[in-house]
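Notes follow the structure.
Residue numbers (this note's numbering): 305 to 464.
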């Protein structure tokens, strides 16, 4: 009889404990679902924040690139061919615009060269002179102009 009582108590305890355990699992599942929702919301907000920061960095980079390009353009020497008798000094050549704002520089030159080609005799070539000129305007009231002239250069210059 005691055995039957113990067996019936044991069966009742299993019968009662299984549904309670099912409720505990259901509560745990609901807790896990709630936790997952919170984590998902947290991660979505962090992802949105990171995407916003990426956009801000991209915008800052674009602005920085524009500023850098402008600085490079401001510091780059501008070089223009102004023609033979054009330019601030009337000698032409290349006009170099100074980026620091201290004035423009003109670089040019010309040469006097003679070449004679005879069909049945010796041909001749003579560089009579070669002139380089440099002009600068460091200030609106100050001009500098210089020519460097080379005439009949070479080891046999006295023979000419």
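Glycine included, C-beta positions come from ideal geometry on N, C-alpha and C.
In the same chain as residue 419, and ignoring 5 residues on each side of it, the C-beta atoms closer than 8 Å to its own belong to 427, 428, 429 and 430, in chain order. Residue environment for residue 362: exposed (fewer than 16 other C-beta atoms within 10 angstroms of its C-beta).
Residue 414 and residue 454 have their C-alpha atoms spaced approximately 11 Å apart. Using a 10 angstroms sphere on the CB of residue 425, the tally of other CB atoms stays under 16, which defines it as exposed. Looking at the DSSP output, residue 430 bridges to 418.
Residue environment for residue 343: exposed (fewer than 16 other C-beta atoms within 10 angstroms of its C-beta).
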